[in-house]
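Enquirer: As given, the protein sequences belong to chains A and B, one line each in that order. With my numbering applied, the first sequence corresponds to residues 1 to 193, in that order. With my numbering applied, the second sequence corresponds to residues 1001 to 1193, in that order. Every residue, glycine too, gets a C-beta built ideally from N, C-alpha and C. None of the values given here were measured: they were computed from a predicted structure. Questions regarding the structure given below will be posed in turn.
There are 2 protein chains.
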Amino acid sequence: MELTDALLRIAADRGLDRVSVREVASAAGVSIGAVQYYFSTKDEMLAFAFRQVVDRTRARVSALKPAAGPRQTLAATLRQLLPLDARRLAECRVYLAFAARATTSPTLAAIQNATLTTIHEELRQTLASLPSLPSPPSGSGHPVLHPARDARLLLALVDGLMFDAVTAPTALPPATAAKTLDLYLERLLPGSD
Amino acid sequence: MELTDALLRIAADRGLDRVSVREVASAAGVSIGAVQYYFSTKDEMLAFAFRQVVDRTRARVSALKPAAGPRQTLAATLRQLLPLDARRLAECRVYLAFAARATTSPTLAAIQNATLTTIHEELRQTLASLPSLPSPPSGSGHPVLHPARDARLLLALVDGLMFDAVTAPTALPPATAAKTLDLYLERLLPGSD
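Structure representation (structure tokens):
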């Protein structure tokens, strides 16, 4: 969709925090009225852009080829949330601009709360449905998977890797963020592929 | 300092993204000239506020009472970065506003990169200096500590817990974020207090 592409381009080039409806219309090659059909305020624009980013990410996850095992599947899924190419970097910038505004906009906060609650529940179900792993030797310190808590950990870790790689790519290059995620998943699911 | 308190109050109440120098001066009870001595543009204001937040956080960490052991010390330190009271929540909001702008401002990006690089190095040194833990039974899946990589993981995890708890406090209440951090540290340093 033209409007979403225009928003992502603007987010990538100079950020969404000072953009106007007029400018989005011009970048998308549509009328101001057409843009206002979808949003008329800055908050509505951020909410629209964020929903489009979520939809696009979900579409990419659905299109993933089957992986070797559950750990590889989880890794491939979560990589869709990291800024590993120009498209995902632009999406991450939209997410950051949206989330920063959510701290002072109740409407955006409700969307962000609902989105993270849904992703947490999906991760919890994924972790709960994993084929049972070999029991760790008692007292070995082997992590025992706890689906609800581990889903929170994993969600925070991916959001944090995204946050650090987008806001400080010298300190955490995106490729290093992906390797760091792999290290975490190898420890969490040591018997799995 | 009056100016910092005014910025933190505005960040907490309505965010820093639409605030003017005039408004900050009025909230701090000082002249516009006094404010402009510290910053005259929005980016300079965010950089100033972020530096103050970093300094305040470091001062709190330095003032921490000695904890039972290295894991408790690390937990107490990292909790200073989570939104566990009104003051830390306001600081986190400043951090988010700053970081979101850093994605499109090279000046802010340089500060954010330098800050995360420094924190990563401090965490790496802390992890490298831990008294050696009992060796895990071979093949037990016990995580073997890798200071540089584990410092990246830990930094991303804390940033992610902060991000989720500030932007989606219904999905991740701040107290749950702190418990999630504890769970992670117990697994990472199982033999420690």
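The stretch 25-54 of chain A: which residues have C-beta closer than 8 Å to a C-beta of chain B, in chain order?
Expert: Of all residues in the stretch 25-54 of chain A, none has a Cβ within less than 8 Å of some Cβ in chain B.
Enquirer: Take every Cβ of the stretch 44-51 of chain A, pair it with every Cβ of the stretch 61-72 of chain A, and state whether three or more of those distances are shorter than 8 Å.
Expert: Flag = no, the stretch 44-51 of chain A and the stretch 61-72 of chain A do not touch.
Enquirer: Helix, strand or coil for residue 50(A)? Go by DSSP, reduced to three states.
Expert: It is helical.
Enquirer: Use the C-beta contact count for residue 1042(B): other C-beta atoms within 10 angstroms, 16 or more gives buried, fewer gives exposed.
Expert: By the 10 Å Cβ count, residue 1042(B) comes out buried.
Enquirer: Note down the Cα distance separating residue 189(A) from residue 148(A), rounded to an integer number of angstroms.
Expert: Approximately 15 Å, taken between the alpha carbons.
Enquirer: Does DSSP put residue 16(A) in a helix, a strand or coil?
Expert: Residue state, collapsed to three classes: coil.
Enquirer: Using a Cβ cut-off of 8 Å (strictly closer), state whether residue 1097(B) contacts chain A.
Expert: By this cut-off, residue 1097(B) is an interface position.
Enquirer: Please name the residue, chosen from 1060(B), 1071(B), 1017(B), 1061(B), that lies closest to residue 1193(B) on a Cα-to-Cα basis.
Expert: With distances taken between Cα atoms, residue 1193(B) lies closest to 1071(B).
Enquirer: Could you check whether the stretch 1013-1021 of chain B touches the stretch 170-179 of chain A, counting it as contact only if at least three pairs of C-beta atoms, one from each stretch, sit closer than 8 Å?
Expert: Not touching, per the Cβ criterion.
Enquirer: Quick one: does residue 1141(B) have its CB under 8 Å from some CB of chain A?
Expert: Low confidence applies to residue 1141(B): its pLDDT is 49, below 50, so where it sits in the model is not reliable enough to give any reading.
Enquirer: Looking at the secondary structure, which residues open and close the alpha helix (DSSP H) in which residue 1036(B) lies?
Expert: First-last of the alpha helix (DSSP H) with residue 1036(B): 1032-1038.
Enquirer: Of all the options 1074(B), 1035(B), 1173(B), which has the alpha carbon lying nearest to the alpha carbon of residue 1129(B)?
Expert: Ranking 1074(B), 1035(B), 1173(B) by Cα distance to residue 1129(B) puts 1074(B) first.
Enquirer: Hey, does residue 1067(B) have any beta-carbon neighbour from chain A nearer than 8 Å?
Expert: For residue 1067(B), the answer is no, since every Cβ of chain A falls outside 8 Å of its Cβ.
Enquirer: Can you give the Cα-Cα distance for residue 187(A) and residue 78(A), rounded to whole angstroms?
Expert: About 16 Å.
Enquirer: Along chain A, in chain order, which residues have C-beta atoms closer than 7 Å to that of residue 1112(B)?
Expert: The answer, in chain order, is 167, 168.
Enquirer: Buried or exposed for residue 2(A), please, with buried defined as at least 16 other CB atoms from any protein chain shown within 10 angstroms of its CB.
Expert: Looking at its Cβ environment, which holds fewer than 16 other Cβ atoms inside 10 Å, residue 2(A) is exposed.
Enquirer: Just to confirm, is the Cβ distance from residue 100(A) to residue 112(A) under 8 Å?
Expert: No. Outside cutoff.
Enquirer: Using the Cβ count rule (16 or more neighbours within 10 Å means buried), how would you classify residue 1124(B)?
Expert: Buried.
Enquirer: Three-state secondary structure (DSSP) at residue 168(A)?
Expert: Residue 168(A) falls in the coil class under three-state DSSP.
Enquirer: Beta carbon of residue 1059(B): closer than 7 Å to some heavy atom of the ligand ADP?
Expert: Because no ligand of any kind appears in the structure shown, any question about the ligand ADP cannot be addressed here.
Enquirer: Which class does residue 1061(B) belong to by DSSP, given the choice of helix, strand or coil?
Expert: Note: residue 1061(B) maps to helix in three-state DSSP.
Enquirer: Quick one, which of 1035(B), 1021(B), 1167(B) has its alpha-carbon nearest residue 95(A)'s?
Expert: Nearest option by C-alpha distance: 1167(B).
Enquirer: Alpha carbon to alpha carbon, how far is residue 53(A) from residue 91(A)?
Expert: Each residue's Cα considered, the two are about 6 Å apart.
Enquirer: Taking the beta carbon of residue 1093(B) as the centre, do at least 16 other beta carbons fall within 10 Å, making it buried, or is it exposed?
Expert: Buried.
Enquirer: May I ask you to report which of helix, strand or coil DSSP gives residue 1125(B)?
Expert: Residue state, collapsed to three classes: helix.
Enquirer: According to the neighbour-count rule (16 or more other Cβ atoms, all chains shown, within 10 Å of its Cβ), is residue 1141(B) buried or exposed?
Expert: Caution applies to residue 1141(B), whose pLDDT of 49 falls short of 50 and renders its modelled position unreliable; the value that the coordinates give is listed next. Buried is the call here.
Enquirer: I'd like to know if residue 116(A) contacts chain B, where contact means its C-beta is closer than 8 Å to some C-beta of that chain.
Expert: Interface residue, yes.
Enquirer: What separation, rounded to the nearest whole angstrom, lies between the Cα atoms of residue 25(A) and residue 55(A)?
Expert: The straight-line gap from Cα to Cα measures roughly 21 Å.
Enquirer: Excluding the 5 residues preceding and the 5 following residue 1022(B) in the sequence, name in chain order all residues of the same chain whose CB lies nearer than 7 Å to its CB.
Expert: Here the set comprises 1032.
Enquirer: Taking residue 104(A) as the query, report the chain B residues whose CB atoms sit under 7 Å from its CB, ordered along the chain.
Expert: Per Cβ cutoff of 7 Å: 1014, 1015.
Enquirer: Give me the Cβ distance between residue 1185(B) and residue 1155(B), rounded to the nearest whole Å; I'm assuming they're in contact under 8 Å.
Expert: Residue 1185(B) to residue 1155(B), Cβ: 13 Å. No contact.
Enquirer: Contact criterion: CB-CB distance below 8 Å. Does residue 94(A) meet it with respect to chain B?
Expert: No, residue 94(A) lies away from the interface with chain B (no Cβ there is under 8 Å from its Cβ).
Enquirer: Applying the criterion that 16 or more other CB atoms from any shown protein chain within 10 Å of the CB defines a buried residue, is residue 1008(B) buried or exposed?
Expert: By the 10 Å Cβ count, residue 1008(B) comes out buried.
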